[in-house]
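Engineer: So the sequence shown is residues -22 to -1, 1 to 180, counted in mature numbering (1 follows the signal peptide of the UniProt record, and there is no 0). All C-beta atoms in this analysis are idealised placements derived from N, C-alpha and C, irrespective of residue type, glycine included. Here the structure is a predicted model, which is why all the values come from computation and not from measurement. A single structure is presented below for examination.
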Amino acid sequence: MKTMKLLLFVFFVFFLFSGVNAPLLGEDMGVMGGVMGEMRGVVGQMEKIKEVMEKTIAAMEKIESNTRPVLPSWSLAALILSPLWLPFLTWLAGKIPLRWFEDKDTAKAEAAVAKAEAAAARAEAAAARAEVAAANIEATKARDDAAAAAAQSTIERLHEQLAAAQAKTTDVEKELADTKAKNADKVKDLQRRLGVIRDAMG
């Protein structure tokens, strides 16, 4: 009988934390006003349960005094108090799979975020490589442009030197022609003088 009373007390305390129709946990106790209302309801239910427990204990004492029960006292107490703990077990049975699916969905979401971040990192690395390649191309183009400009300047300078050489050659040719003309005149004059001298001597 002491075991029966102890079990009834344990289930009664368990009932305070589990509730009659549904467990009063987390989300149902968010607001202080709701908590106070629930507490008042629990106090009223405790009074009713106390009366039921007293009647149950009295009936069980009477049964024990008359005959030996078929089931052990703890199992009989569990059956009698099943309306108290069955709602909690029902809630727990629904909560565990839900939490498992939530964890699974969270893991999938985190994996998807990690993949997206990795893809973004790869895209940023590819963009950085493309920028470096573009900078190298620009640098190469700048070097090529500078080389082309230097070559063009050299060509222009060579053209200028060639034009100057051609002009100098023209001047030299003109001077040579003038010199030849002067020499021809001198030769003719000498020939004329020689002719005069010959005529005078003859």
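In whole angstroms, give me the CA-to-CA distance for M179 and K146.
Structural biologist: If you take the alpha carbons of M179 and K146, they lie about 49 Å apart.
Engineer: Just the C-alpha distance for residue 187 and K82, rounded to the nearest angstrom, thanks.
Structural biologist: Residue 187 lies beyond the residue range present for the chain, which begins at -22 and ends at 180; the question has no answer from this structure.
Engineer: Using a Cβ-Cβ cutoff of less than 8 Å, which residues in the same chain neighbour I115 once the five nearest sequence positions on both sides are dropped?
Structural biologist: There are no such residues.
Engineer: In chain order, what residues of the same chain lie with their CB nearer than 7 Å to the CB of L3, ignoring the 5 residues before and after it?
Structural biologist: Confidence at L3 is low in this model, with a pLDDT of 43, below 50, so its placement is unreliable and the value that follows should be read with caution. Nothing listed; no residue qualifies.
Engineer: I need the straight-line Cα distance from A125 to V91, nearest angstrom please.
Structural biologist: Straight-line Cα distance between these residues: approximately 50 Å.
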